[in-house]
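Asker:
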Amino acid sequence: MLTNAQIAATLEQVADLLEFQGANAFRVRAYRNAARVIRNLTHEVARLVAEAPHTLAEIDGIGTAVAEKCVTLVQTGRLPQLEALLDEIPESVLTLLRIPGVGPRKAAVLYRELGVATLDQLRAACEAQQVRALKGFGAKTEQAILDGLPVAEAAGQRVYWAEAEPLVAQLRDHLQACAAVDQLEFAGSYRRGKETVGDLDALVVSTAPHEVMEHLASSRLVAETLARGDTKMSVRLATGLQVDLRVVPPASFGAALQYFTGSKEHNVALRSRAKQRGLKINEYGVYRTVEGAEQYVAGATEEDVYGCLGLPVFPPELREARQEFHWADAGQLPELVVERDVRGDLHMHTTATDGVDSLPDMVAAAQRRGWEYVAITDHSQRVTMARGLDPHRLLAQWREIDALQAQAPAGFRILKGIEVDILEKGGLDLPDDVLAQADWVVASIHYGQRQPRAQITARIVQALANPHVSAIAHPTGRLLLRRDPYDVDVTAMLQAAKEYGKCLELNANPMRLDLDDVDCAAARELGVPIVICTDAHSVEGLDVMRYGVLQARRAGLTAADVANTRSWSQLRQLLGRAE
DNA sequence: GCCGTTTTCGGCCCGACTGTTTTCAGTCG
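The opening residue of the first sequence carries number 152 in this note's numbering; numbering runs sequentially from there.
1) Do D167 and L245 have their C-beta atoms within less than 8 angstroms of each other?
2) Going by beta-carbon coordinates alone, are R717 and R494 separated by less than 8 angstroms?
3) Assuming the contact rule is C-beta atoms closer than 8 angstroms, A589 and A616 should be a hit. Round their C-beta distance to whole Å, please.
4) Along the chain, where does the beta strand (DSSP E) containing S385 start, and where does it finish?
5) Taking C-beta to C-beta, are Y438 and Q446 nearer than 8 angstroms?
6) Use the C-beta contact count for T154: other C-beta atoms within 10 angstroms, 16 or more gives buried, fewer gives exposed.
7) Taking C-alpha atoms, which residue in L224, R190 and R187 lies nearest to A201?
8) Would you kindly work out how many angstroms separate the C-alpha atoms of L396 and Q409, rounded to a whole number?
9) How is M499 classed by DSSP in three states: helix, strand or coil?
10) Going by DSSP, what residues sit across from N617 in a beta bridge?
11) With a Cβ-Cβ cutoff of 8 angstroms, do C671 and L701 count as a contact?
12) Which residues share a DSSP beta bridge with T376?
13) Leaving out the 5 sequence neighbours to the left and right, which residues in its chain are closer than 7 angstroms to L726 when beta-carbon positions are compared?
14) Can you tell me where the beta strand (DSSP E) with L430 in it begins and where it stops?
15) Taking the alpha-carbon positions, what's the T104 to G699 distance?
16) Here's the rule: buried if 16 or more other CB atoms are within 10 angstroms of the residue's CB, otherwise exposed. What is N175?
17) Kindly indicate which residue of E570, Q294 and L236 has the alpha-carbon position closest to the one of V253.
18) Just verifying my parser: in three-state terms, what is the DSSP assignment at E730?
19) Given P401, which residues of its chain have a CB within under 8 angstroms of its CB, disregarding the five upstream and five downstream residues?
20) Considering W312, what are the terminal residues of the alpha helix (DSSP H) in which it resides?
21) Quick one: Cα of Q606 to Cα of L237, how far?
22) I need the straight-line Cα distance from H361 to S369, nearest angstrom please.
23) Could you tell me which whole alpha helix (DSSP H) segments of length 4 or greater appear in the stretch 396-472?
24) Determine the extent of the beta strand (DSSP E) in which D736 is found, giving its start and end residues.
25) Quick one: residues in its chain with C-beta nearer than 7 angstroms to the C-beta of N418, no 5 flanking neighbours on either side, listed in chain order?
26) Assess, as a yes-or-no matter, whether the stretch 554-561 is touched by the stretch 594-604 under the definition of 3 or more beta carbon pairs within less than 8 angstroms.
27) Can you tell which of R675, S531, G339 and D505 has the C-alpha that lies nearest to the C-alpha of V592?
28) Can you tell me the Cα-Cα spacing of A159 and S720, whole angstroms?
29) In three-state DSSP terms, what is E650?
30) Can you find the residues in the same chain that come closer than 7 angstroms, C-beta to C-beta, to P636, ignoring five residues on each side of it along the sequence?
31) In the DSSP assignment, what are the bridge partners of K567?
32) Tell me, please, whether the stretch 506-519 touches the stretch 477-484 by the rule of three or more beta-carbon pairs shorter than 8 angstroms.
33) If you count every other CB in all the chains shown that lies within 10 Å of the CB of E219, and 16 or more means buried, which is it?
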């Protein structure tokens with residue numbers, strides 16, 4: 152069964168190839184738009200195809216044509232249109248698009264005129280000086296392509312949000328030391344809190360743009376300047392990350408911040424709305440045309456810009472053209488969860504298994520953070536690499552917890568927990584009579600991750616059915632930028648969690664952030680509580696809670712949607728158990 | 001290819017920068 156992500160990727164590929172062919176740009180956009188809509192859906196297209204195929208075209212952004220293609224794709228696993236396109240254009244030409252400055256038009260000329268279909272062939276063509284002879288190309292373009300080849304080869308290089316964070320802090324310090332900088336904000340996907348970041352967008356208010364640009368270029372972090380104009384500059388950091396700087400006047404700061412925060416799709420939707428109301432929005436402000444002349448209406452703050460359209464300032468995390476405009480229209484913009492709402496952490500490790508800090512140290516660190524409770528959840532015996540706990544060692548740890556609890560300040564609770572493995576053949580790694588004595592049980596998969604969908608889904612659903620299990624940890628097993636999720640049927644998992652009254656984890660580790668934002672939104676819709684947990688293996692590991700909260704915000708979660716914003720006794724009640 | 005409180009046809013967000021151009025196309029965000 153095809154997942155929404157797979158269907159979306161197929162439509163994206165069709166869009167790429169159509170664009171390469173020089174197809175109508177709006178047709179290409181329609182495919183990309185449909186891909187985005189499907190990727191963000193909180194229910195599965197494959198299920199709709201099976202149960203109510205005629206409702207597909209009712210989804211905003213999906214018309215009869217794409218709906219039909221989805222049906223074909225889901226039912227046959229193939230898309231004839233895509234196969235026809237791939238007959239005409241080798242898939243490898245799409246790698247040419249990764250070169251900065253090479254888009255579909257130039258790539259098409261390279262392929263058509265020189266037969267270039269791979270990066271290696273392109274390098275050879277450039278070195279033979281064949282590229283500069285092409286119409287629309289020249290010596291500079293040829294050199295730019297040669298310079299850009301390493302970028303393309305290392306392509307798609309995004310960094311974890313958590314990696315971008317210290318770079319932003321350093322750049323912020325550096326830029327704020329410049330006297331010409333009046334206001335500064337980092338926009339883009341960083342401000343939206345996306346789990347990975349492809350570049351950084353710095354926005355500055357200044358009356359002396361060139362001074363600001365000189366100052367940025369002087370940073371130790373900057374390796375090279377890629378482009379520089381009067382208001383805009385691009386540099387590449389030594390780490391490889393690109394930084395785009397825009398300098399704007401004060402009256403435009405809000406409009407520019409709104410614009411450069413994006414997402415692109417959110418902006419397209421916003422500008423369409425503006426247009427419907429006779430307004431125009433660009434990065435300088437909101438304008439109304441009066442008797443042929445453009446009049447500035449607003450732009451100094453984001454409040455002003457959104458306010459012109461009767462809209463609230465959307466939290467940046469929601470600006471993905473998903474539900475935010477519908478929520479705003481209905482006056483139901485969720486009040487997103489914040490880190491101080493979180494009252495405890497329910498997944499962490501100690502030196503008993505693969506943690507590096509002791510049980511007392513982890514507990515003390517949690518207390519210092521102001522949390523009211525923690526669950527100690529070391530690995531179970533199956534995870535031999537981590538010296539997982541057998542019943543004997545686990546019970547010994549729980550006695551240690553009892554002793555610690557006796558000395559703990561009033562109101563602080565140390566929960567006896569375990570991260571119990573879901574075994575390859577199904578079933579849990581510890582007997583029920585042991586699990587029954589735990590306060591909190593997270594079940595997770597570490598082995599048999601490559602099993603087929605039905606098998607791995609059945610394992611998880613079975614774990615959720617176990618009365619002693621409280622939550623599933625890192626429910627899809629993905630590692631950002633490194634490993635795809637395993638082939639679990641997320642909808643079935645959510646429904647099982649709903650049926651058995653269990654929680655699903657949003658693992659806050661910045662390399663996991665699992666469940667992802669779309670699946671967390673689906674959990675919210677279904678009323679399945681999310682627990683945001685650090686999965687800390689050290690005292691410092693507890694710091695990642697904020698990344699999990701950021702991801703929850705992207706999903707539109709409120710404090711009420713997150714179970715560990717409750718007190719422990721309230722959380723127990725939520726799970727239907729008496730204290 | 002999608003969509004409809006001007007529309008079932010004719011629109012579809014908008015501007016900066018670069019390089020190759022004699023006035024603009026392509027790319028990018």
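Where is the CB? At the ideal position from N, CA and C, for every residue including glycine. Treat the numbers as computed from the prediction; the structure is a model and nothing was measured.
Answerer: Concretely, from the data shown:
1) When the beta-carbon positions are compared, D167 and L245 come within less than 8 angstroms of each other.
2) Contact flag set, yes.
3) About 17 angstroms separates the two Cβ atoms, so there is no contact after all.
4) First-last of the beta strand (DSSP E) with S385: K383 to L388.
5) Yes, they are a contact pair.
6) By the 16-neighbour rule on beta-carbons within 10 angstroms, T154 is buried.
7) Of the listed residues, the one whose Cα sits closest to A201 is L224.
8) So the alpha carbons of these two residues sit roughly 15 angstroms apart.
9) Residue state, collapsed to three classes: strand.
10) The partner list for N617 (beta bridge, DSSP) is empty, contrary to what the question assumes.
11) Inclusion of C671 and L701 in the CB contact set at 8 angstroms is not warranted, their separation being larger than that value.
12) DSSP lists V386 as partners of T376.
13) Only S621 and G652 meet the Cβ criterion.
14) Taken as a continuous stretch (DSSP letters only), the beta strand (DSSP E) holding L430 covers L430 to N433.
15) This structure leaves residue 104 out entirely; the chain is present only between 152 and 730.
16) Burial call: exposed.
17) Comparing Cα-Cα distances from V253 to each of E570, Q294 and L236, the minimum goes to Q294.
18) Unreliable placement is indicated for E730, whose pLDDT of 43 sits below 50; the coordinate value is still reported in the next sentence. Correct three-state label for E730: coil.
19) Once the five neighbours on either side are set aside, the close Cβ partners of P401 are D333, Q334, V356 and A451.
20) DSSP places W312 inside the alpha helix (DSSP H), whose first and last residues are W312 to Q327.
21) Looking at the two C-alpha atoms, the distance is approximately 33 angstroms.
22) Rounded to the nearest angstrom, the two C-alpha atoms are 12 angstroms apart.
23) The qualifying runs are 404-412, 415-427 and 453-459.
24) Summary: the structure shown does not reach residue 736, with the chain confined to residues 152 through 730, and so no result is reported for it.
25) Here the set comprises Y410.
26) With the cut-off at 8 angstroms, the stretch 594-604 and the stretch 554-561 do not touch.
27) Answer by Cα proximity: S531.
28) Each residue's Cα considered, the two are about 42 angstroms apart.
29) Helix.
30) The residues T627, G628 and R629, in chain order, have a CB closer than 7 angstroms to that of P636 in the same chain once the five nearest residues on each side in sequence are set aside.
31) BP columns for K567 point to I527.
32) Contact fails: fewer than three Cβ-Cβ distances are below 8 angstroms.
33) Answer is exposed; the Cβ neighbour count stays below 16.
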